[in-house]
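Participant:
Residue numbers (my numbering): 26 to 812.
1. Could you compute how far the alpha carbon of residue 369 sits from the alpha carbon of residue 626?
2. When DSSP labels each residue in this structure, what does residue 345 get in the three-state scheme?
3. Which first and last residues belong to the beta strand (DSSP E) in which residue 785 is found?
4. If you draw a straight line from the alpha carbon of residue 519 to that of residue 34, how long is it in whole angstroms?
5. Do residue 336 and residue 364 have their C-beta atoms closer together than 9 angstroms?
6. In terms of alpha-carbon separation, which member of 357, 344 and 322 lies closest to residue 329?
7. Terminal residues of the continuous beta strand (DSSP E) containing residue 139?
8. For residue 97, which of helix, strand or coil comes out of DSSP?
9. Determine the DSSP secondary structure at residue 92, reduced to helix, strand or coil.
10. Tell me where the alpha helix (DSSP H) around residue 33 begins and ends.
11. Compare the beta carbon distance of residue 581 and residue 599 with 9 angstroms and say whether it is the shorter of the two.
12. Mapping the DSSP letters down to three states, classify residue 158 as helix, strand or coil.
13. Can residue 316 and residue 507 be called in contact, C-beta distance under 9 angstroms?
14. Counting C-beta neighbours from all protein chains within 10 Å, is the total for residue 723 16 or more, i.e. buried, or is it exposed?
15. Would DSSP call residue 577 helix, strand or coil?
16. Out of curiosity, what's the CA-to-CA distance linking residue 560 and residue 716?
17. Could you spell out where the beta strand (DSSP E) holding residue 464 opens and where it closes?
18. Quick one, which of 180, 578 and 604 has its alpha-carbon nearest residue 589's?
19. Considering only C-alpha positions, which residue in the set 613, 142, 447 and 156 is nearest to residue 279?
20. Just list the alpha helix (DSSP H) runs in the segment 332-391, keeping only unbroken ones of 4 residues or longer that don't cross its boundaries, in chain order.
21. Do residue 156 and residue 38 count as a contact pair if the criterion is CB distance below 9 angstroms?
22. The beta strand (DSSP E) spanning residue 177 covers which residue range?
23. In terms of residues, what are the limits of the beta strand (DSSP E) holding residue 423?
24. Measure the C-alpha to C-alpha separation of residue 190 and residue 569 and round it to an integer number of angstroms.
25. Can you tell me whether residue 84 is buried or exposed? The criterion is at least 16 other CB atoms within 10 Å of its CB, across all chains shown.
26. With a cut-off of 8 angstroms on the beta carbons, I'd call residue 187 and residue 193 a contact; round off their distance for me.
27. Tell me the DSSP secondary structure of residue 724 in three-state form.
28. Leaving out five residues on either side along the sequence, give the residues of the same chain with a beta carbon under 8 angstroms from the beta carbon of residue 252.
29. Is residue 405 helix, strand or coil when you go by DSSP?
30. Does residue 137 pass the burial test, meaning 16 or more other C-beta atoms within 10 Å, or should it be called exposed?
31. Which residues bound the beta strand (DSSP E) around residue 195?
32. Is it the case that the Cβ atoms of residue 471 and residue 380 are separated by a distance below 9 angstroms?
33. Comparing C-alpha positions only, which one of 764, 621 and 752 sits nearest to residue 350?
34. Beta-carbon separation of residue 424 and residue 538 under 9 angstroms?
35. With the cut-off set at 9 angstroms, would you say residue 444 and residue 563 are in Cβ contact?
Structure representation (structure tokens):
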């Protein structure tokens with residue numbers, strides 16, 4: 026058969042739904058087929074029924090054989106039990122068989138035992154078996170006793186046979202919707218070949234819906250469980266070793282390995298560093314502390330980032346500089362608390378593997394995520410090869426089982442707590458091993474839908490706007506799978522509409538184990554001052570949740586690229602993260618960050634290793650930096666100011682305000698122009714705080730050097746601005762009173778205004794203009810108010 030993985034199949038459908046044609050298309054070109062007809066023979070009493078039977082007979086190929094099982098209900102089970110492994114049986118349909126079962130001629134009989142007999146025969150059938158049956162559960166309850174008896178018996182038969190079959194498919198308007206592909210066909214684009222009515226090939230299995238209206242793609246419907254129960258995760262093949270239970274954190278963490286390829290250079294050894302020194306008295310995971318909103322975690326250094334960017338402007342770079350990549354230098358400097366950041370020589374990838382069952386996984390073949398994890402472990406696949414090129418370690422983390430979010434919570438409350446602590450512990454272990462940057466990656470079916478649900482719950486996004494298109498292996502867009510994912514997310518949001526949207530509830534109701542572990546890892550990395558590279562929906566969803574637990578976490582995150590994913594773009598906007606690139610590379614979550622890592626390290630190497638341009642270098646014999654006033658700037662005028670040469674600056678860059686030009690009679694210019702006299706330098710009084718000096722030199726003409734300008738000194742200067750104004754106001758008030766005592770008031774006012782303009786360098790010319798306007802408009806007389 027063209028669809029592998031199942032031996033027995035139940036095809037359900039309504040009247041004229043195309044179920045028989047679909048069943049015939051499955052077995053149309055595959056060896057000898059025995060067609061088992063179950064309808065009772067009615068000779069001449071019902072011409073319409075006879076015509077329908079004749080149409081079925083004409084549609085069958087001549088190579089098929091027909092067995093009549095309409096005379097005795099037990100005959101069908103006997104035919105199925107006697108079938109050989111090399112045969113293919115097509116039973117059409119169970120509705121006719123139930124009609125014969127309820128015939129008074131065969132009563133009294135034990136209908137339940139007969140149905141159980143048939144189910145046992147189907148379960149033990151050695152041949153390929155396809156059964157067709159009408160689905161009566163979607164219609165109205167019959168009004169007659171006989172009709173109700175038929176519906177009850179057929180419903181019981183369908184349930185029993187569906188439990189016994191390997192796969193179940195519902196046909197609606199000729200379109201198959203797979204309800205139970207336990208070990209059967211992969212979802213999303215597997216072609217089922219065979220002739221159909223009109224010669225059109227049926228493509229399937231596609232996404233569909235179960236009796237609850239929920240999409241059921243990629244796995245069997247979850248059994249009815251109490252609210253809060255997490256079903257066991259099912260994947261194709263045996264479960265991978267080391268999968269943590271939903272409520273239990275494993276005692277040992279997953280293995281950490283560095284993928285290698287033949288041409289990959291050896292990864293540099295990780296070295297301990299004080300960047301990631303513990304910031305809490307006891308590790309969060311090992312204590313009874315609770316991960317909850319309002320946690321006080323460290324922030325990156327406020328001053329190191331701006332200082333690193335100021336230093337970049339002085340480097341000996343031929344060109345306009347690093348462009349957008351300057352943000353990498355500022356980020357690394359802030360997270361390392363130094364103006365000369367070092368490259369991230371030791372990186373670790375946390376590859377989170379967890380599948381999300383139900384409609385969230387629509388369009389993903391069964392076992393595809395497990396296959397990609399196996400590739401990563403063996404050194405194959407994009408992520409493993411890029412990690413080998415970058416010398417990064419990879420740690421595969423198995424996430425706990427997740428429930429179908431459209432029906433039930435993704436995790437229990439205890440599972441959320443365990444997952445958060447598990448992720449925190451993984452970050453702690455990475456920091457203790459000398460890892461300098463963490464890369465969050467994910468690989469699992471349904472991760473996009475889970476991240477979209479988190480984004481919709483935390484940021485109010487519309488699921489359809491943040492769910493990316495579903496692209497199959499062949500590069501085709503699967504709109505049916507995309508609609509199934511949207512339906513699952515919207516159903517999950519509707520189910521949780523009355524739930525409080527606090528971080529823990531979002532993780533329990535919608536997110537699942539992989540996002541919960543990623544959230545804990547982000548918080549743990551923040552506590553250890555460990556920067557994190559985000560790449561994909563799971564990473565940004567975890568960042569959104571961690572922001573509500575500890576607002577400091579997002580400041581330790583860097584987003585290399587959004588990959589063209591709508592959820593990543595929106596989450597980045599909410600988090601205030603600007604992607605470094607716009608390459609739209611989509612190689613799987615985490616791969617793009619690894620591809621960008623060598624370039625980021627190259628930028629950090631240049632920023633830390635390049636020297637300052639010779640014309641901007643500090644005189645080594647001069648000791649402390651000297652401040653040189655620009656030739657046209659504020660400050661006391663030097664006697665030779667007209668003959669001075671402007672201090673040189675680096676082309677295409679603006680040097681820091683505190684950068685010093687070499688002093689002396691022969692100070693060279695950057696462009697090689699003739700040397701001029703040394704600019705006048707105001708001595709520095711180091712006993713006066715920098716903020717006070719900045720306030721005085723900003724608001725007055727007093728010869729005080731400003732010194733280094735940073736956020737701290739600027740804040741002090743702004744705070745002292747009223748005091749400086751008051752200090753200026755007192756002598757000006759004395760001047761006004763003194764001149765007014767000996768001369769006209771207008772002259773006194775003019776002298777005072779002029780003195781104030783001179784003392785303040787005329788910075789407030791707008792205030793002077795307002796004063797002149799006020800003096801010019803002065804006149805005696807009563808005021809006139811206008812409405």
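Using N, Cα and C, we set each Cβ at its ideal position, and we do this for glycine too.
Facilitator: Reading off the structure:
1. 6 angstroms
2. coil
3. No beta strand (DSSP E) contains residue 785, which DSSP labels as neither H nor E.
4. 34 angstroms
5. yes
6. 357
7. Counting along the chain, residue 139 falls outside any beta strand (DSSP E), though it belongs to the alpha helix (DSSP H) covering 136-148.
8. coil
9. strand
10. No alpha helix (DSSP H) contains residue 33, which is instead part of the beta strand (DSSP E) from 33-38.
11. no
12. strand
13. no
14. buried
15. coil
16. 42 angstroms
17. 462-468
18. 604
19. 447
20. 351-361
21. no
22. Where residue 177 is concerned, there is no enclosing beta strand (DSSP E), although the alpha helix (DSSP H) it sits in stretches over 170-189.
23. 418-423
24. 43 angstroms
25. exposed
26. 5 angstroms
27. helix
28. Because the pLDDT of residue 252 is 35, which lies under 50, any placement of that residue in the model is unreliable, and the question is left without a value.
29. coil
30. exposed
31. 192-197
32. yes
33. 621
34. yes
35. no
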